[in-house]
Amino acid sequence: MNKKADRNRKVAAKEQRQFRKSAARSNQLLNSKIHQHGGVALLHNGKRINTYATVADMNNIAVKGKMAQVIQATVGVKQTRDAYSDFELAQIEFLEMLEARILDRKKPRGHAEIVRAIDEAIADVDALLKKY
Numbered sequence: 000m001n002k003k004a005d006r007n008r009k010v011a012a013k014e015q016r017q018f019r020k021s022a023a024r025s026n027q028l029l030n031s032k033i034h035q036h037g038g039v040a041l042l043h044n045g046k047r048i049n050t051y052a053t054v055a056d057m058n059n060i061a062v063k064g065k066m067a068q069v070i071q072a073t074v075g076v077k078q079t080r081d082a083y084s085d086f087e088l089a090q091i092e093f094l095e096m097l098e099a100r101i102l103d104r105k106k107p108r109g110h111a112e113i114v115r116a117i118d119e120a121i122a123d124v125d126a127l128l129k130k131y
C-alpha cells in the first residue's frame with residue numbers, strides 16, 4: 000500500500016511540474032507580446048508603471064481571487080504559481096494564451112491600451128466560467 004501511495008505522489012508531482020512548465024511558457028509568450036505592444040516597467044513622475052506586473056496581478060485575481068503578494072504571504076511560497084492547483088495552472092495557461100492572441104489581433108499600443116484589452120479578455124473568460 001505504501002508503494003502505491005508513493006508512486007501516486009510521484010506521478011502527481013510529475014504532472015504538477017508539467018503544468019508549471021506549460022504555464023511558464025504561456026507566461027513567457029504573454030510577456031513577449033506585452034513587450035511587442037509597448038508594455039513598460041518604469042517610474043514616471045514618481046509613479047510605478049509596470050504593464051507586466053499589472054497584467055500578472057489581473058490574472059492572479061482572475062484565477063485565485065488575490066494578488067501575488069497576498070498569495071505568497073498567506074500560502075508561504077516564493078513563487079506564486081507554486082500555490083496553484085493543476086486546474087488553476089491550466090486556467091492561467093489558457094488565459095495567458097488567449098491574452099497573447101488578443102494582443103496580436105487588437106494591436107493595442109502602450110500600457111493603458113494593453114491593460115484594457117486584457118481586462119476585456121478576463122471579463123469574457125470569467126463570464127464563461129460562471130456560466131459553466
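Numbering (numbering that gives the first Met the number 0), first residue to last: 0 to 131. Yeah, the Cβ is synthetic: ideal placement off N, Cα and C, and Gly gets one too. Because the structure is a prediction, the values reported are computed rather than measured.
Asked                                                                                                        : Found
Counted within 10 angstroms of its Cβ, other Cβ atoms place Ala4 as buried (16 or more) or exposed           : exposed
Supposed contact pair Ala40 and Asn49 - C-beta distance, whole angstroms, cut 8 Å                            : 4 Å
Neighbour-count burial assignment, Asn58, 16 or more Cβ in a 10 Å radius                                     : buried
Neighbourhood of Ala99 by C-beta, 6 Å cutoff - its chain only, sequence neighbours within 5 removed          : Leu28, Leu29, Lys32
Validate contact between the segment 98–115 and the segment 69–85 using beta carbons, cut 8 Å, 3 pairs       : no
Exposed unless 16 or more other CB atoms sit within 10 angstroms - verdict on Leu94                          : buried
Buried or exposed (CB count within 10 angstroms, at least 16 for buried), Thr73                              : exposed
Local conformation of Arg47 per DSSP, three classes                                                          : strand
Spatial distance of Ile70 from Gln35 (CA atoms)                                                              : 29 Å
Cβ-based neighbour list, Tyr51, same chain, cut-off 7 Å, excluding 5 preceding and 5 following               : Asn30, Ile33, Gly38, Ala40
3-residue-minimum beta strand (DSSP E) runs that sit fully inside the segment 13–44, ordered along the chain : 40–43
Gln15 versus Asn44 - alpha carbon distance                                                                   : 42 Å
Inter-residue spacing [alpha-carbon to alpha-carbon] between Gln13 and Glu87                                 : Note that residue 13 is Lys in the sequence shown, not Gln. Going from the Cα of Lys13 to the Cα of Glu87 covers about 16 Å.
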